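In the order they appear, the protein sequences are chains V and H. First residue of the first sequence: 904, per this note's numbering; consecutive thereafter. First residue of the second sequence: 14, per this note's numbering; consecutive thereafter. Where a beta carbon is used, it is the ideal one built from N, C-alpha and C, also for glycine. Quick caveat, the model's predicted, so the values are computed rather than measured. Here is the structure we will look at.
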Amino acid sequence: MQIDKDENIGAAHFMPEDQADVKILEDRAKFLASIPLQTQESTHLIHYIRFRLGKEYYGITYEFAKEVMKNFHVTYLPHVVDYIDGVINRRGALIAVIDLKKLFHLPHSKTDNLYAIIITAKNMTLALLADDIESSNEFELAQLSPPFSAESSIKPEFILGLHKGHTAIINIDSILKECYDHLSA
Amino acid sequence: MAMDPKFLQELIQTFTVELDEQSQAMTDALLKLEKMDLDHPNYNDTINTIFRAAHNIKGAARGIGITTVGEIAHQIESLFTAVQKKTLSLTPEIIDISLIAVDKMRIAMNAYIHKTDLPFDLPDFVAHLARGEKFTEKNEKSHDKNTQSKLNTDNSMLKSPKRTESHDYKSKKTVRVSVDKLEHISGLMEELQVNKISIEEHYKHLATLMAKTKNLTYIWKRTFPKDYKYSDTHLQKVIQTSNDMLLDINQSVDYLFKKIRGHVNELSIISNSLQDETRMIRLLPASTLLRDFTRTVRDMGQELQKDVELILHGDDVQLDKMVLDGLQAPLVHLLRNAIDHGIEDKLTRLKQGKSEKGHITIDVIDEGNQILIVVTDDGSGIDIRTIAKIAEEKKLATQSELETLTDNDILEFMFHPGFSTKQTVTSISGRGIGLDIVKSGLQDLKGNVTLSTELGIGTTFYLRVPLTLSSEHGLTLICGGELFVIPIFVIERVIIASRSNIIEVEGSEAILVDDIAVLLRKLSDLLAIEEKIPANSDNLSIIIVKSGRNRLGIIVEEIVGEREIVIKPLQPPLAKLPYIAGGTLSGTGQVIIVLNMAEILNSTLQTSRVTRIVSLNNETKKTEVPHILVVDDSITTRTLEQNILRNKGYKVTTAVNGKEGWDILQKQKFSLLITDINMPIMDGFTLTEHIKKSETLRDMPVIIITSMGSEAEKKRGLEVGADAYIIKNEFESGELLRIVSQLV
């Protein structure tokens, strides 16, 4: 409990004591308060991390993506579904590694899977393998176009929609559900 | 006789925590009991929980002389003894007053600490409690001197000098930290170690780079001497500049290397000692537990009018706090038993030529990864014939059974619940609980307890516990190029055998261990990993594992060695995986899977009968094994079908959708195809249609298995040319196998 106390040093602790400095801060606060809030209402931007799987691009929103790992060793797990590549050690926690290419039925090559994107939701943590991390980007829900379902081999529920027609935003909930259903069966 | 006041403060502090924990356990159990029927399966356990908690509080409270708390606990214990023996039926009033009693114990404890008077009438309350009656609080103001005078039992304590320092107990500088936080620190620590190892690797590369630069400089200097005058001025200039640059690089690398060397060494030392310290955080010297007992033993001795001395050896040995806590109750019980049952009264002792004073010795011995605690008394010992007689009376064994048992086996009966050799009940022990507590307590700690005794000489108990609950030992091995760990405690032995030692029993491979045939399995088969044991190698590494009475020989590729392991759970959604107990981290931070051998053993021994039948069939028919292709996008269905068919001796290949199935069919010949309908890329209908249109594949039978049960679907299935159509919800292995054998 004593430890917690240290973390709880309030913001007041960092307030300047000099009168002039205080004045600057107050003015700034007033200015910021006067900016209308409408920007937030009209465009609800969702940020996501964009990455590559083979020749295709995918996105995961930052709500779920916690960390990107490189240089990791995946340990093989016997008797699991093929898209679970194994387990990795993330600061002492052993988490499942998902090979999205297998889950999405995409072609494989040997030099793949350099990165792992750690995602968490609903008390579950997974590492998703990626060939390359491209950039951060943002979308509006209304901007997303429906995923192609007809000829694509990927289950439609795995994709929320396409951003600008080239980046498929992944539906993390349905991925987690898929893994959970398989593993608890 | 007065006790060291500082020491007493520590005891009181320990007891306060214990009282809190036990009170909580008791309250939980009482509340549970309130909602429980008499025939509820947990009814007796719950009564037992209350009883044991009260029993423990009583013992500890008396041990340090807080008689008020001890008295209340004693009454709760008596009350629930009666309930347990069904001489008293449990009423809501009993639960009510017991809950009040729990509060009263806390109040009494507070009063003791703050040296204030009891804010309630103890004898009155205890009288109510003893009868299990409803208790209503009297007017609080009425108790003053009146109540005080009734508390004559406690008066001696009030005058005692040790009470004056009771405020000290608050000032002790300790912080209770949850184990989760410690685990988190250990996790970060391991991460740090991994990075340290990487940095050391980079440092080695730097050293190589430095050697190379030095070498180059040397060669350069010899080839182009400094004072040599070249005729070509341009060349002269280039060589001069390069020379300077090279020297500069050389110096820089040298500087960098020396600087980094210091830091790498320092990092290594700090990181290593930090890791040691992190491990040590959880360890405490045994004395933190044992020195409490000196007082306990003295007081119990006084109550029973026996002069007993406790001698401690090796109490500086360090153990995990959780292990120490778990040892508390078992050790108290052993000490009570020793004083009450073991040590004779003074007269008897003198007659037998023993010293007047009885002795109990506790030795703590560090055995490496285990700690051995030996509790010895020089009392009367245990008469094995008496034990045998009681075992017979209590119907734990029959006369004829007893005759075949060894002395040690008979002594084992003492650990049976409800076994007590003492005829009369004293307030200290002899209520028929004790050694079973000791045994279950030790089992919770992954330890065990044994005893030896000599009539007239004394009794010795041997308690073995692991150094820490957070780690154990495991055997690292290689299977299919991957590392796996098997916990040491399931391993009976490791055998290096030649192939000629392997015998065949009922169609299965087995090996003789002490003249008993033990079934053999390859780990690679059990884990469905591609085998890498060279077929011609004659030496096989076999690990004999045991679980209860079952034994199994596991053939592995290579045994790497033994190491300490900390088993970590796999994070959700990976929670329960077949055959896997968890993972452990290697020195470089890689995950190594720890196998759940008990599960492997049980499921192997269950299926081994099926396998035997198959292997016999194979021999009689001597035909080519039918090869079946299973196409299904669900791993569960795929695995299920694959297992059913493999167990029957068929060769099975799988594909995840129609397209993959079709591709496989182009390369290989199959006797039969089993397919699902709904699949990505290419569905089962299309696949069947393709097959039935193909010249080469047309004759191969096709079974469609699906959850779609409509007549139209079934019709379509047969239209496209399927030979059989099985609906999943009527799908049984027998049905599948029947159709398969018809078609193949």
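Within chain H, the residues placing a beta-carbon under 7 Å from that of residue 1056(V) are 693 and 694, ordered along the chain. Residue 487(H) is positioned such that its CB atom lies no closer than 8 Å to that of residue 604(H). In this structure, the straight-line span from the alpha carbon of residue 112(H) to that of residue 342(H) is close to 23 Å.
Here residue 367(H) is buried: its Cβ has 16 or more other Cβ atoms, across all protein chains shown, within 10 Å. Neighbours of residue 203(H) in chain V, taken as residues at a C-beta separation under 9 Å, are given in chain order as 992, 994 and 995. Taking 8 Å as the upper bound for CB-CB distance, residue 308(H) and residue 76(H) are in contact here, some 6 Å apart. Within the segment 339-355 of chain H, contact with chain V at the beta-carbon level (separation under 8 Å) is assigned to no residue. For residue 578(H), the number of other beta carbons within 10 angstroms of its own is at least 16, and it is reported as buried.
Along the segment 579-591 of chain H, the positions whose C-beta sits under 9 Å from a C-beta of chain V are 581, 582, 583, 584, 585, 586, 587, 588, 589, 590 and 591, read in chain order.
Less than 8 Å divides the Cβ of residue 115(H) from the Cβ of residue 40(H).
Across the set 383(H), 356(H) and 363(H), the C-alpha of 356(H) shows the shortest separation from the C-alpha of residue 373(H). As computed with DSSP, residue 664(H) is found in a beta bridge with 640(H). A direct Cα-to-Cα measurement between residue 1057(V) and residue 1081(V) gives close to 13 Å.
Looking at the DSSP output, residue 476(H) sits in a beta bridge with 386(H) and 462(H).
The segment 401-408 of chain H and the segment 378-390 of chain H do not touch, with fewer than 3 CB-CB distances between them shorter than 8 Å. Chain order gives the chain V residues near residue 598(H) as 992, 995 and 997, where near means a beta carbon separation below 9 Å. Residue 1042(V) carries a strand assignment under DSSP once its states are collapsed to helix, strand and coil. In the structure shown, residue 681(H) adopts coil according to DSSP, grouped into three states.
For residue 88(H), the uninterrupted alpha helix (DSSP H) run begins and ends at 80-97, by DSSP. Taking 7 Å as the cut-off between beta carbons, the residues of the segment 1021-1036 of chain V near chain H are 1026, 1027 and 1028, in sequence order. A residue is called buried once 16 or more other Cβ atoms fall within 10 Å of its Cβ, and residue 554(H) is buried on that count. In the three-state scheme derived from DSSP, where H, G and I count as helix and E and B as strand, residue 670(H) is classed as coil. The straight-line gap separating the alpha-carbon atoms of residue 700(H) and residue 1060(V) is approximately 24 Å. Taking the C-beta atoms as reference points, residue 977(V) is found nearer than 8 Å to residue 991(V). A check of alpha carbon separations from residue 479(H) across 333(H), 291(H), 674(H) and 228(H) identifies 333(H) as the nearest.
Non-local C-beta neighbours of residue 677(H) in its own chain, meaning closer than 7 Å and more than five positions away in sequence, comprise 642, 666 and 668, ordered along the chain. The residue among 728(H), 93(H), 69(H) and 28(H) with its C-alpha nearest the C-alpha of residue 58(H) is 93(H). Considered as a whole, the segment 522-568 of chain H harbours 536-539 as its complete alpha helix (DSSP H) runs of no fewer than 4 residues, in chain order. For the segment 483-516 of chain H, the set of positions with a beta-carbon nearer than 7 Å to some beta-carbon of chain V reads 495 in chain order.
Relative to residue 110(H), the option among 148(H), 137(H), 85(H) and 228(H) whose CA is nearest is 148(H). DSSP places residue 38(H) in the helix class (H, G or I) of the three-state scheme. DSSP places residue 64(H) in the helix class (H, G or I) of the three-state scheme. Closest in C-alpha terms to residue 469(H), from the list 453(H), 395(H) and 461(H), comes 395(H). For residue 341(H), the enclosing alpha helix (DSSP H) stretches over residues 334-350.
Interface criterion not met: the Cβ of residue 558(H) is under 8 Å from no Cβ in chain V.
Residue range 948-956 is occupied by the beta strand (DSSP E) that includes residue 951(V).
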